[in-house]
Amino acid sequence: MDYFHGYSVVGLVAVVGVLFVTVAFASGRLLRPVVPTREKMLTYECGVDPVGEGWAHTQIKYYVYSFLYVIFAVDAIFLFPWATVFAAPGFGATTLVEMFVFIGFLAVGLLYAWKKGVLEWT
Amino acid sequence: MNDTLDVLLRLVGVLVVFLVFPLLVGQTEHKVMAHMQGRLGPMYAGGFHGWAQLVADGVKFAQKEDVVPAEADRRIFQLAPAIALLPYLVVLIAIPVGPDGFVGQALDAGLFFVLAVMGVGVLGSLIAGWASANKFSLLGGLRTAAQLMAYELPMLLTAASVAMAAGTLSLPGIVESYHWWWTPWQIVGGLVFFTAGLAELQRPPFDMPVADSEIIFGAYTEYTGLRFALFLLAEYAGIVVLCALTTVLFLGGWHGPWSDGLGWLWTLVKTAALAFVVIWLRVSYPRLREDQLQKLAWTVLIPLSLAQIALTGVVKVVIS
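Taken in order, these protein sequences are the chains called R and Y.
If you count the first sequence from 1, position 105 lands on 105 in UniProt numbering, and the numbers rise without skipping.
If you count the second sequence from 1, position 81 lands on 81 in UniProt numbering, and the numbers rise without skipping.
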């Protein structure tokens, strides 16, 4: 019961936040002038007329990082439930050895990526 | 009835902190930067120390026209500032200020909750960058995405190290089990956490997603008036949250002399000192390139945080 009570207060904060933004946008609408012109609505490109469209093709060179990131982040999540109990009575040395195995896996993965040169952007 | 009043008070308290503290940090930034760089501009408005500068900025933002480019994805473009801003408000409720339940709402998995919600804030910049249909905004958004790959992991790992040391994920619980020797024990983790946090907030020296001399203002290029002001507010609220979290996790929160009565003051003082460091770094360091940040994160910050986890584990098992 306490558990849900805690998160219902969190939900209320989110509601307060939405209300705040709504009030801010509404009062902003009342306070500011509205004088749209065609030039004003153009996409900004240093003062000259925009060339082509804004959703331009770009090369994303860092996609390898995102693969690495996903792998590592999923691993890191497992640390949290483990972190609260690993030193509890009856665990001690065993969990510590497990931790070094875990970190070892991460470190080897990182070293491999490093050696492969994917940690260099260009 | 009493319960309702209690919850209401907490909600109002969080909202007030959310609206006042970021402005205080902003005002301090004006003045500190002016002093450090010998600039006269921020010292002029209103007479004494330019106290009215922030008021003038607010008035300017409120009465500026709201321009949405014709090419932009209109609704999404207009909502992006709210998405960037609200996570920091929600996070504030879980951060403990003083002992004996002086916290918006104590959550069992507070640390996990805080990290998860803070991660949402970055979506605001990504959405803004894409919805603007502007080349500079798109570049800014892509840089924001790249930055995410760099900072998120060191942050998670060092936070996990603190959770290991305390044996709990609850933020008040972490501060309660703090001893003074935690700070030297976790110092490497603390530095990594703070650095990664700066990258999350896109503060100098990691402000390449908004690099004004290269890509105008990144994802915020097309924003004006109130919506732009909300993005700025999100940045400063982020500073408050990051500094408060670093205080809670690594500097012992309310612990200090006379902490029975003045615990909340210690939290505020430590948070303010860290916020000063954030401003100081902005004045002192040149901007890194995006690939330099990646290199820093993957070859320095992540190995350091793994080492910190190993150290935490060994020490914890030895002393228990």
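Ideal Cβ positions, reconstructed from N, Cα and C, are used throughout, including at glycine.
The model shown is predicted, which means the values in this text are computed figures rather than measured ones.
The beta carbon of R:PHE4 does not come within 9 angstroms of any beta carbon belonging to chain Y, so the residue lies off that interface. Here the C-alpha atom of Y:ARG203 lies approximately 15 angstroms from the C-alpha atom of Y:ALA145. Chain R places no beta carbon closer than 9 angstroms to that of Y:ASN2, leaving this residue out of the contacts.
In the structure shown, R:VAL118 adopts coil according to DSSP, grouped into three states. In this chain, the alpha helix (DSSP H) harbouring Y:VAL17 covers 2-37. The beta carbons of R:MET41 and Y:PRO69 sit closer together than 9 angstroms.
Around Y:ALA196, the same chain offers TYR151, PRO154 and MET155 as residues with beta carbons nearer than 6 angstroms, after the five sequence neighbours per side are excluded.
Contact between the region 86-100 of chain Y and the region 108-115 of chain Y is present: three or more C-beta pairs spanning the two stretches fall below 8 angstroms. R:LEU110 has its alpha-carbon roughly 11 angstroms from the corresponding atom of Y:VAL300. At least 9 angstroms separates the CB of R:GLY117 from every CB of chain Y. Not a single C-beta of chain R is nearer than 9 angstroms to the C-beta of Y:ILE127.
For Y:PRO22, the nearest beta carbon of chain R is not closer than 9 angstroms to its own beta carbon. Counting of Cβ neighbours within 10 angstroms places Y:GLU235 among the buried residues, the total reaching 16 or more.
Secondary structure at Y:PRO87: helix, using DSSP grouped into helix, strand and coil. A contact is defined here as three or more CB-CB pairs under 8 angstroms, and the region 219-226 of chain Y meets this definition with respect to the region 122-138 of chain Y. A Cβ of chain Y is located within less than 9 angstroms of the beta carbon of R:TYR69. Less than 9 angstroms separates the beta-carbon of Y:GLY129 from that of Y:LEU142. Minimum Cα-Cα distance from R:ALA56 among the listed residues Y:GLY104, Y:TRP51, Y:LEU85 and Y:PHE136 corresponds to Y:PHE136. Among the CB atoms of chain Y, one or more fall inside 9 angstroms of the CB of R:GLY28.
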